[in-house]
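Notes for the one structure printed next.
Laid out in structure tokens, this is it:
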């Protein structure tokens with residue numbers, strides 16, 4: 001089955017630790033995105049990537065880092081510089097181009113700082 | 115900059131019709147799309163409007179007026195399972211980043 005997979009579903013992190021969230025897709029999509037969701041805040045864009053080895057910052061990139069070494073994978077690292085990392089993180093992918101805006105989302109990772 | 119405005123909450127009765135509005139400001143417009151998200155789940159794509167007018171998909175319709183920078187999602191014959199959050203979204207001026215509104219929480223009551 002084609003789709004986008006995020007892991008783990010739940011993640012606990014101690015303050016001061018870096019943690020990496022996984023996102024893999026087998027839809028052959030060029031574009032991938034990371035969003036953060038807090039209650040009442042909607043989906044806020046952290047990073048996005050249009051092609052392998054290239055990515056751009058979104059609105060709230062501070063304290064996060066990404067890599068895009070393979071088309072299928074777009075991992076997100078939440079660094080210790082992110083002061084309030086507890087949130088629901090969603091990864092998405094879509095075809096390249098401006099006319100088709102359908103994005104496919106993973107089931108999300110809920111990160112909690114303990 | 116870019117902004118998307120939608121009501122934060124809407125309540126409607128089962129079987130009724132509800133309209134969720136979205137106004138946007140963006141320097142480059144590539145169409146307006148709508149997503150549904152049930153509590154704790156993944157957002158799923160509902161519809162996309164690139165041109166003015168109404169697009170119908172079953173019980174859901176979406177409308178766009180580019181001159182008014184305005185669109186809406188219309189849900190007919192509401193069912194309890196339609197209780198969810200609904201987001202409008204647009205591409206940024208580059209055409210690449212996909213940005214979402216803060217979402218409208220729809221509660222369908224018996």
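Residue numbers (the numbering used here), protein chains in the order written: chain A, 1 to 114; chain B, 115 to 224.
Glycine included, every Cβ here is placed at the ideal spot set by N, Cα and C.
These numbers were taken from a predicted model, which means no experiment stands behind them.
(1) Within 10 angstroms of the Cβ of residue 131 of chain B, are there 16 or more other Cβ atoms? Answer buried if so, exposed if not.
(2) Between the alpha carbons of residue 189 of chain B and residue 16 of chain A, how many angstroms are there, rounded?
(3) In the region 127 to 161 of chain B, which residue ranges form an unbroken beta strand (DSSP E) of at least 3 residues, counting only runs that do not cross its ends?
(4) How far does the beta strand (DSSP E) with residue 10 of chain A in it reach, from first residue to last?
(5) Suppose contacts are defined by Cβ-Cβ distances below 8 Å. Is residue 63 of chain A in contact with residue 79 of chain A by that definition?
(6) Using DSSP with H/G/I as helix, E/B as strand and the rest coil, what is residue 195 of chain B?
(7) By a C-beta neighbour count over all protein chains shown, 10 Å radius and 16 as the cutoff for buried, is residue 198 of chain B buried or exposed?
(8) Enumerate in chain order the residues of its own chain whose CB-to-CB distance from residue 66 of chain A is below 6 Å, with the five nearest sequence positions on each side excluded.
(9) When you compare the CB of residue 184 of chain B with every CB in chain A, is at least one pair closer than 8 Å?
(10) Give the straight-line distance between the Cα atoms of residue 191 of chain B and residue 173 of chain B, rounded to the nearest whole angstrom.
(11) Are the C-beta atoms of residue 90 of chain A and some chain B residue less than 8 Å apart?
(12) What does a CB cutoff of less than 8 Å around residue 104 of chain A pick up in its chain, not counting 5 residues either side in sequence?
(13) What is the rounded straight-line gap between the Cα of residue 108 of chain A and the Cα of residue 154 of chain B?
(14) Can you give the beta carbon distance from residue 142 of chain B to residue 163 of chain B, rounded, assuming they're within the 8 Å contact cut?
(15) Quick check: is the beta carbon of residue 217 of chain B nearer than 8 Å to any beta carbon in chain D?
(16) For the region 49 to 62 of chain A, enumerate the residues whose C-beta is nearer than 9 Å to any C-beta of chain B, in chain order.
Taking the coordinates as given:
(1) Exposed: under 16 other Cβ atoms inside 10 Å.
(2) Distance between the alpha carbons of residue 189 of chain B and residue 16 of chain A is about 46 Å.
(3) As far as the region 127 to 161 of chain B is concerned, its whole beta strand (DSSP E) runs of at least 3 residues are 132 to 139 and 146 to 151.
(4) Per DSSP, residue 10 of chain A belongs to the beta strand (DSSP E) from 10 to 13.
(5) A distance below 8 Å separates the beta carbons of residue 63 of chain A and residue 79 of chain A.
(6) DSSP places residue 195 of chain B in helix when its eight states are reduced to three.
(7) Residue 198 of chain B should be labelled buried.
(8) A distance below 6 Å between beta-carbons, with the five flanking residues on each side excluded, links residue 66 of chain A to the following residues of its chain, in chain order: 47, 55 and 76.
(9) False, the Cβ-Cβ gap to chain A never drops below 8 Å.
(10) When rounded, the distance between both Cα atoms is 7 Å.
(11) Taking CB atoms only, residue 90 of chain A has a neighbour in chain B less than 8 Å away.
(12) Once the five neighbours on either side are set aside, the close Cβ partners of residue 104 of chain A are 3, 4, 25, 27, 29, 92, 93 and 94.
(13) Residue 108 of chain A and residue 154 of chain B: Cα-Cα distance of roughly 8 Å.
(14) No, residue 142 of chain B and residue 163 of chain B are not in contact; Cβ-Cβ is about 16 Å, not under 8 Å.
(15) Of the chains in the structure shown, none is chain D; the protein chains are A and B.
(16) Cβ contacts with chain B come from 50, 56, 58 and 59.
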